[in-house]
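> Just passing along the structure, written as structure tokens.
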Amino acid sequence: MSKTGLTEVLLNEKKLYKPSAKVLKHAKVKQWKATIDKANKDPLKFWEEAAEELEWYGRWHDILDDSDAPFFKWFVNGKCNIVHNCLDRHIGTPTENKTAIIWESDSGKRRKLTYKQLYKEVNKLANGLKFLKVRKGDRVAIYLQNIPETAIAMLACAKIGAVHSVVYAGYSANALRERIDDQAAKILITSDVGHRRGKIIDMKWLCDKAISGSPSIQHVIVIRQDGVHVPMKMNRDIFYDALVETQPDVCKTEVMDAEDPLFILYTSGTTAKPKGVVHVHGGYMVGIHRTFEWIFDVKENDIYWCTADPGWITGHSYIVYAPLMSGVTTVMFEGVPDYPKPDRIWRLVDKYKINILYTAPTLIRALMRYGDSWPKKHSLKSLRLLGSVGEPINPEAWRWYHKVIGKSRCPIMDTWWQTETGMIMISPLSSMPLKAGSATLPFPGIQAEVVDKNGKPVPAGKGGYLVIKNPWPSMLRTVFKNPQRYLDTYWKDFPGLYNTDDLAHKDKGGYFWIQGRGDDVLSIAGHRIGNAEIESAIVSHKAAAEAGVIGKPHPVKGESAKAFVILKKGYEPSDKLIDEIKKHIRSELGPIAITDEIEFVDKLPKTRSGKIMRRVLKAWELGQDAGDTSALAD
Ligand code: WT7
72 MSKTGLTEVL LNEKKLYKPS AKVLKHAKVK QWKATIDKAN KDPLKFWEEA AEELEWYGRW
132 HDILDDSDAP FFKWFVNGKC NIVHNCLDRH IGTPTENKTA IIWESDSGKR RKLTYKQLYK
192 EVNKLANGLK FLKVRKGDRV AIYLQNIPET AIAMLACAKI GAVHSVVYAG YSANALRERI
252 DDQAAKILIT SDVGHRRGKI IDMKWLCDKA ISGSPSIQHV IVIRQDGVHV PMKMNRDIFY
312 DALVETQPDV CKTEVMDAED PLFILYTSGT TAKPKGVVHV HGGYMVGIHR TFEWIFDVKE
372 NDIYWCTADP GWITGHSYIV YAPLMSGVTT VMFEGVPDYP KPDRIWRLVD KYKINILYTA
432 PTLIRALMRY GDSWPKKHSL KSLRLLGSVG EPINPEAWRW YHKVIGKSRC PIMDTWWQTE
492 TGMIMISPLS SMPLKAGSAT LPFPGIQAEV VDKNGKPVPA GKGGYLVIKN PWPSMLRTVF
552 KNPQRYLDTY WKDFPGLYNT DDLAHKDKGG YFWIQGRGDD VLSIAGHRIG NAEIESAIVS
612 HKAAAEAGVI GKPHPVKGES AKAFVILKKG YEPSDKLIDE IKKHIRSELG PIAITDEIEF
672 VDKLPKTRSG KIMRRVLKAW ELGQDAGDTS ALAD
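Given below as structure tokens:
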């Protein structure tokens, strides 16, 4: 074994990347096998020990209450607040002077906030929210880009017991409206404008559109990013700076029950309506803290950068909450990876001496395409560990990431999880041997399995459905105001097992290989979007009668959307109409739902009950065998 590099050996025809002595020296978990075995023998004890690493206002009576399964309760009657662990407990310790957040904007502006400064900012906004009559349990929608105020707003809500719901800034006004209405949010926090690739995005204008006629929104708090003129509605809209200016910088942290909701995050599913995934204070903080510390091997003075957007669960758990609980420096970046040049990311790694980089396969593939010369302009020597999340990482991208970015020195943590799981569920620990393209093994205390349609485990090498067999502390508690949907979506297909809706197989060594989503959710550049959501956006266009949307393999984005559209009588297919429908999808759902291809057809394959058989469409498109078509109407 070399001292600095990872040694590559062959096993089972899959190359095994073993940890170097240096990686092992740093590893928080050195005996990965024994650790997993021990945790799996007594998962509750494992999670209780994890909970004891954090501060609580009052201890729990029971670790788990499964009497109303699958509505599980964790750390029953425990009293806590995640913000106490992110901020309050660092104050008065040397950590208070450490940099909590480093932020850089699209245009190169930068800001740094120490833990003390962040604490004060959060307290001021928390008081501001109280001034606007926000109370425990009220919902606050946050529509912001990747700026420090996004984290500040989340923390301020949590501090006073309000429930935040961040809506990704790439979503359209319509998508924002739908989410605000579903949760009946009282407050919306946004900015005058946002930035992307040198362009200005009219955030406030989008918000005005989204909340016109909203029955629930009482106030809009507007952050002045550029200080441009935006229309402000009397008695409803207030500038952030004006609101917090006069507020005291101390604020009592609300004592929450472990099971009190912390946030709602909407995610795409099989139907057109997104689901409001509910996470709570207690179990969530325990799950993300333990996974963050162990998987990323965090050290006290680490500079850590997760390139996700705070509008996704990755940003919630691993840009904001977990890094702050660990007291490290978390980097927030408002820009895009290849603007102004394809080495923006690598430049930032050197500039801020990033030790841990956590990013997505789509980004790795996009940057790989520009060639090695761009990363080679930078030393990247501060990097110690790399992470990947969002979709399966193809072995070619894994090897490039490993060799060209990690210089064969940094282990890659391919982390599988979901909005619903709250925390990373399947991932290596740095002391484990790695295989390019495999998320390896379930995290200690998590029991995952690949099963057939009857819920029976399948043999190694055979594909099946990925399920989780036992509850975990940071699991979603319900779908907001829709417990039936929680039961139907996650617990109906395989009684007693949590259905991830992903397909996977295990190899002979027990390593998991995730293949991707089942048939009804697309993953475009790692973003989840329901086929049905795009279809429903298309048929809301005046010319479209029916639509079927499928995903096609895409070299960079992983998957791209193609729509088959039946036009209403009186409309003729044309390139102009294709453009119009594409624009319409964008305005309905936002740029993340970008549909690359639209084809007009006279008929769609349907089941006798009238469901569009996307599987058949896909097979036709890709020239594959459509498999069992006995359900086809004709
Ligand atoms: C879906 C969840 C969790 C953060 C980002 C996405 C896919 C996620 C991996 C991975 C293969 C992955 C799955 C999952 N996915 N990570 N390492 N390997 N697939 O959150 O939007 O809730 O999407 O992303 O299909 O079900 P999300």
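My numbering applies: residue 72 is where the sequence shown begins, and numbers increase by one. A virtual CB, placed ideally from N, CA and C, is assigned to each residue, including glycine.
With 16 other CB atoms within 10 Å as the buried threshold, where does Q695 fall?
Its Cβ having fewer than 16 others within 10 Å, Q695 is exposed.
> Which runs of the beta strand (DSSP E) fall wholly inside the segment 571-628 and span at least 3 residues, in chain order?
Fully enclosed beta strand (DSSP E) runs of 3 or longer: 583-588, 592-595, 598-601, 615-625.
> Answer yes or no: do I609 and A615 have a C-beta to C-beta separation smaller than 8 Å?
Yes. Within cutoff.
> For L456 versus M484, is the C-beta spacing smaller than 8 Å?
Yes, the Cβ-Cβ distance between L456 and M484 is below 8 Å.
> Which ranges does the beta strand (DSSP E) cover as unbroken runs of at least 3 residues, wholly within the segment 465-503, from first to last along the chain?
Taking only runs of at least 3 residues, the beta strand (DSSP E) segments lying wholly in the segment 465-503 are 483-486.
> Mind reading off the beta-carbon distance from T166 to Y186? Whole number of angstroms is fine, and I expect it under 8 Å.
With 8 Å as the limit, T166 and Y186 qualify as a contact, their Cβ atoms being about 5 Å apart.
> The beta strand (DSSP E) with V293 in it runs from where to where?
Start and end: 290-294.
> With a threshold of 7 Å (Cβ to nearest heavy atom), would T490 be considered close to ligand 1?
The answer is yes for T490.
> R210 and A281: beta carbons closer than 8 Å?
Contact flag unset, no.
> What I want to know is whether the C-beta of S594 ends up closer than 7 Å to one or more non-hydrogen atoms of ligand 1.
At least one heavy atom of ligand 1 is nearer than 7 Å to the Cβ of S594, so yes.
> I'd like the span of the beta strand (DSSP E) that includes E668, first residue to last.
666-671 is the extent of the beta strand (DSSP E) around E668.
> Just curious, the alpha helix (DSSP H) that A313 is in, first and last residue?
Start and end: 311-316.
> Just the Cα atoms here: how many angstroms apart are N83 and D578?
Only weak support is given to the placement of N83: the predicted model assigns it a pLDDT of 42, under 50, and the value that follows is read from those uncertain coordinates. Rounded to whole angstroms, N83 to D578 spans 9 Å at the Cα level.
> At a threshold of 7 Å, does H463 count as lining ligand 1 (C-beta to nearest heavy atom)?
Position check: residue 463 holds Pro in this sequence, whereas His was assumed. Within the cutoff, so yes.
> Find out if the Cβ-Cβ distance for the pair N426, I374 is shorter than 8 Å.
Yes, the Cβ-Cβ distance between N426 and I374 is below 8 Å.
> Apply the 10 Å Cβ neighbour rule to K195 and answer buried if 16 or more other Cβ atoms are within range, or exposed otherwise.
That one is buried.
> To the nearest angstrom, how far is it from the Cα of L596 to the Cα of A664?
Correcting the residue type first, residue 596 is Ala in the shown sequence and not Leu. Cα to Cα, the separation comes out at about 10 Å.
> Select from G269, K96, D591, I605 the residue whose C-alpha is nearest the C-alpha of P411.
When each option's Cα is compared against that of P411, the closest is G269.
> Can you give the beta carbon distance from F117 to W131, rounded, assuming they're within the 8 Å contact cut?
Going by Cβ atoms, the distance from F117 to W131 rounds to 15 Å, so no, they are not a contact pair.
> Say the cut is 7 Å; is the CB of A510 nearer than that to a heavy atom of ligand 1?
Yes; taking the cut-off as 7 Å, the Cβ of A510 has a heavy atom of ligand 1 nearer than that.
> DSSP has F404 in a bridge; who is on the other side?
Answer is E175, bridged to F404.
> Output yes or no for whether 8 Å exceeds the beta carbon distance between T362 and V348.
No; because the gap between Cβ atoms is not below 8 Å, this pair is not in contact.
> Note down, one range per segment and in chain order, each alpha helix (DSSP H) of at least 4 residues found wholly within the segment 387-460.
You should have 393-397, 415-422, 432-440, 444-447.
> Measuring CB to CB, does I539 end up less than 8 Å from F514?
It is not a contact, given that the beta carbons lie outside the stated cut-off.
> Under the DSSP definition of a beta bridge, which residues are partnered with T261?
Paired residue(s): V293.
> If I'm right that P141 touches W543 with Cβ under 8 Å, what's the distance once you round it to whole angstroms?
Actually they are not in contact, since the Cβ atoms of P141 and W543 sit about 12 Å apart, beyond 8 Å.
> Could you have a look at D328 and say whether DSSP puts it in helix, strand or coil?
In this structure, D328 counts as strand in the three-state DSSP scheme.
> Please classify R307 as buried or exposed, where buried requires at least 16 neighbouring CB atoms within 10 angstroms.
So R307 counts as exposed.
> Starting from the C-beta of V357, find all residues in its chain whose C-beta is less than 8 Å away, skip the five residues before and the five after it, and write them out in chain order.
Correct list, in chain order: W118, A121, A122, L125, W145, F146, P544, S545.
> Can you give, in chain order, each stretch of the alpha helix (DSSP H) that sits fully within the segment 522-563 and has at least 4 residues?
Runs of the alpha helix (DSSP H) inside the segment 522-563: 554-561.
> State the start and end residues of the unbroken alpha helix (DSSP H) segment that holds L184.
Careful: L184 lies outside any alpha helix (DSSP H), inside the beta strand (DSSP E) at 181-185.
> Quick check on the DSSP output: the alpha helix (DSSP H) that includes K506 runs from which residue to which?
Element bounds for K506: n/a, residue is neither H nor E.
> Closest to D650 by C-alpha separation, out of G353, I292, E670, would be which residue?
Closest by alpha carbon: E670.
> Is K674 buried or exposed, if buried means 16 or more other CB atoms sit within 10 Å of its CB?
Its Cβ having fewer than 16 others within 10 Å, K674 is exposed.
> When you compare only the Cα positions, how much space is there between M327 and Q296?
Spanning the two alpha carbons is a distance of roughly 33 Å.
> Quick one: does the C-beta of D485 sit closer than 7 Å to a heavy atom of ligand 1?
Because some heavy atom of ligand 1 lies under 7 Å away, the Cβ of D485 counts as near it: yes.
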